[in-house]
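Here the structure comes first, spelled out in C-alpha cells, and everything after it is commentary.
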Amino acid sequence: MDKYKFEPSRIWNVDESGLSTVPSKNSKIFATKGRKQVGVLTSAERGQHVTVVCAMNVIGSYVPPALIFPRKRLKNELMDNSPPGSVAFAQEKGWMTGPVFLQWLDHFVKYVKPSPEDKILLILDGHGSHKSLEVLEFTKKHGIILFCLPPHTTHRLQPLDVTFYSSLTNYYNIELEKWLKNHPGRVVTHFQVASILKKAYAQAATISTAENGFYQTGIIPLNPDIIPDWMYAAAEPTNIETEKVVLSNTESDNLSSQPCSSNMADDSGNLNPEKNTLNVQERSSRGSSSLNVSVEEIYPLPKAPVETQNRTQRRKGKSGIINATPEIVEAKRLHAEKEAKSLRTAGKKASKNLKNVFEPNESDNSEDDPYETDDEYGDTVCIYCNELFSHSRPKEVWLQCQKCLQWCHIDCAGVSSKTKRFTCDLCK
Numbered sequence: 363m364d365k366y367k368f369e370p371s372r373i374w375n376v377d378e379s380g381l382s383t384v385p386s387k388n389s390k391i392f393a394t395k396g397r398k399q400v401g402v403l404t405s406a407e408r409g410q411h412v413t414v415v416c417a418m419n420v421i422g423s424y425v426p427p428a429l430i431f432p433r434k435r436l437k438n439e440l441m442d443n444s445p446p447g448s449v450a451f452a453q454e455k456g457w458m459t460g461p462v463f464l465q466w467l468d469h470f471v472k473y474v475k476p477s478p479e480d481k482i483l484l485i486l487d488g489h490g491s492h493k494s495l496e497v498l499e500f501t502k503k504h505g506i507i508l509f510c511l512p513p514h515t516t517h518r519l520q521p522l523d524v525t526f527y528s529s530l531t532n533y534y535n536i537e538l539e540k541w542l543k544n545h546p547g548r549v550v551t552h553f554q555v556a557s558i559l560k561k562a563y564a565q566a567a568t569i570s571t572a573e574n575g576f577y578q579t580g581i582i583p584l585n586p587d588i589i590p591d592w593m594y595a596a597a598e599p600t601n602i603e604t605e606k607v608v609l610s611n612t613e614s615d616n617l618s619s620q621p622c623s624s625n626m627a628d629d630s631g632n633l634n635p636e637k638n639t640l641n642v643q644e645r646s647s648r649g650s651s652s653l654n655v656s657v658e659e660i661y662p663l664p665k666a667p668v669e670t671q672n673r674t675q676r677r678k679g680k681s682g683i684i685n686a687t688p689e690i691v692e693a694k695r696l697h698a699e700k701e702a703k704s705l706r707t708a709g710k711k712a713s714k715n716l717k718n719v720f721e722p723n724e725s726d727n728s729e730d731d732p733y734e735t736d737d738e739y740g741d742t743v744c745i746y747c748n749e750l751f752s753h754s755r756p757k758e759v760w761l762q763c764q765k766c767l768q769w770c771h772i773d774c775a776g777v778s779s780k781t782k783r784f785t786c787d788l789c790k
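So for the sequence shown, our numbering puts the first residue at 363; every next one is plus one.
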C-alpha cells in the first residue's frame, strides 16, 4: 500500500445488506396502561428478503443502490418509483454471487469512472463472490484496487456497517409501517420494496453519515488506535483450554502456599465445594467479615471443550490487496485445477453410463473378485473426484457402493460416516 496514494474521494466502501417485507423491529405505540399484549399491524409473519448493495466514500458521494431479487426473471414493475439511477438484478435465491457482483461493478464503473491512470481503492469484505477470477481481472483492467478486510472485523472496520446500514434499516422500518397504515388490507411484496427504499435511502444517505463511518473506523483520517485494546481480548466462554503446563518444584510450592488454591482446589486442580464450605466456616468462626475469594473462583466461567474431531481443511483467505498480479496468477491456477477436476468427474460419469448401456449384464457374468482393484498396484480411485486412494490424507474415510462396488471419499459422497449401506449417485 505504500506505493498507492489516494485522495479521500477515491476511497470507496461497498457492502450488502438485507431488506425484508416485514418490519424487523416494531416501533412504539400508544396502549392502555397495564396491558400485557398489544397487537400491531404487520405484513406477514415471515417476510421475503431482498439484498441491497450500496457504496459510498468519505465526502458523502453515493453510488445509486442495486437490488437483488430472489427471482429467475426480472419485471419492470419491480423498480417502479425506485431511487434514481438504481438497478436491479435477478438471482434465484436473492444472494450476492460472482456473476451478480460483476454486473454491479459495471454499474459502479459507470458512476465512479476509474481508470488505470486514475485508480480508486474499493474496500470490501472477504465474501467469496468478491474474489472470483472474473472479478479480479475486471477490476485490474479498470483501475480498481480491491482491499479485503480481515475476517471477523467488518463490524468495526467497514464504514457501511458502522453507520449507514443501521440508519437505513431504521428509516426503512418507519416507511414500511407508514405504507401498511396507508394501505389497509394489503401486504408488502417485492413490488413495493423499491418505492419504500427510495424514501428511506434519501434520509440515510447523508454527508455526515459517510464522514462518521470513515472516522469511526479509523480510515479517514488514519487512526490505527481507533479500536480499544480490550476488544482484542478473547471471550472467556470460548476460551479453549490448552495443554497443561508442568510447573517446577519452586513454582508448585509457591502456588500451594496461597490460601485460595490450597483450600478450594483438590489435588487435580479442580474446585472442591466441600473444602470451600469448610474454608468459609473457619473464616466465619474467626470473626472475619470479608472473604478473600473472588466470584470467578466460586463460580468459574464455562470453558469450551477441546475439539477432538478433525475439521475439513479450508483454504485460508487473504486480507489486503487481492487483485494484484500474483493473486490473479494464483486465482487462475486454482480455477484451472477446478475446471480439470470437473472435467474428470464428468468424463468418468459419462464412461460409466455408456458402459451400463452397452454392457448391462457384464457385472452379473463376471467371476472376478468384486473387491479386487483395477490395477496391479492395489490402488483405486474416487468415482467423484478421480483421486487415487494412495494420495489420501491421513484419517480420510472412503465408502464402497453396494451396487457397482466402486469407492469414493465420504466428503465427495456427502453422507455420514455412520452410513451402513451406501449407493452412489451413478447407480441411483
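Even for Gly, the Cβ is constructed at its ideal location relative to N, Cα and C.
query: Can you list, in chain order, the residues of its chain whose CB lies under 6 Å from that of residue 743, leaving out five sequence neighbours each side?; result: 750
query: Any contact of the stretch 570-582 with the stretch 427-434, i.e. 3+ C-beta pairs under 8 Å?; result: no
query: Pick out whichever of 383, 404, 427 has its Cα sitting closest to the Cα of residue 375.; result: 427
query: Could you work out which residue in 553, 422, 533, 415 is closest to residue 582 when comparing CA atoms only?; result: 422
query: Would you mind sorting residue 523 into buried or exposed? The rule is 16 or more other CB atoms within 10 Å of its CB.; result: buried
query: How about residue 483 and residue 507: are their beta carbons less than 8 Å apart?; result: yes
query: Tell me whether the beta-carbon of residue 572 lies closer than 8 Å to the beta-carbon of residue 420.; result: yes
query: Which word fits residue 474, buried or exposed, when buried means at least 16 other C-beta atoms lie within 10 angstroms of its C-beta?; result: buried
query: Can at least three beta-carbon pairs, one atom from the stretch 392-401 and one from the stretch 527-542, be found at a separation below 8 Å?; result: no
query: According to DSSP, is residue 713 helix, strand or coil?; result: helix
query: Just how far apart, CA to CA, sit residue 680 and residue 764?; result: 42 Å
query: Bridge partners of residue 377, per DSSP?; result: 416
query: Measure the CB-CB distance between residue 559 and residue 445 and report whether it falls below 8 Å.; result: yes
query: Return the chain-ordered list of same chain residues with a C-beta closer than 8 Å to the C-beta of residue 569, the five sequence neighbours on each side being excluded.; result: 421, 422
query: So what does DSSP say about residue 708, is it helix, strand or coil?; result: helix
query: Just the Cα atoms here: how many angstroms apart are residue 592 and residue 708?; result: 52 Å
query: Between residue 678 and residue 777, what straight-line distance do the alpha-carbon atoms span, to the nearest angstrom?; result: 25 Å
query: Using beta-carbon positions only, say whether residue 478 and residue 505 come within less than 8 Å of one another.; result: yes
query: Starting from the C-beta of residue 703, find all residues in its chain whose C-beta is less than 7 Å away, skip the five residues before and the five after it, and write them out in chain order.; result: 747
query: Just to confirm, is the Cβ distance from residue 562 to residue 533 under 8 Å?; result: yes
query: So within the stretch 499-572, which uninterrupted alpha helix (DSSP H) runs reach at least 4 residues, ignoring any that extend past its ends?; result: 516-519, 527-544, 552-566
query: Taking the continuous alpha helix (DSSP H) assigned at residue 421, which residues delimit it?; result: Unbroken run through residue 421: none, as it is neither H nor E.
query: Alpha carbon to alpha carbon, how far is residue 382 from residue 463? Give it in angstroms, no decimals.; result: 21 Å
query: For residue 556, does the count of other Cβ atoms within 10 angstroms reach 16, so buried, or fall short, so exposed?; result: buried
query: Note the first and the last residue of the continuous beta strand (DSSP E) segment covering residue 763.; result: From DSSP, residue 763 is part of no beta strand (DSSP E); its letter is neither H nor E.
query: Quick one: give me the first and last residue of the beta strand (DSSP E) that residue 449 is part of.; result: 449-453
query: In the DSSP output, what is residue 432 paired with across the bridge?; result: 453
query: Do residue 788 and residue 694 come within 8 Å of each other at the CB atom, strictly closer than that value?; result: no
query: Distance check for residue 517 and residue 415, CA to CA, integer angstroms please.; result: 16 Å
query: For residue 371, which residues in the same chain have their Cβ closer than 8 Å to its Cβ, ignoring the five residues on either side in sequence?; result: 419, 420, 421, 423
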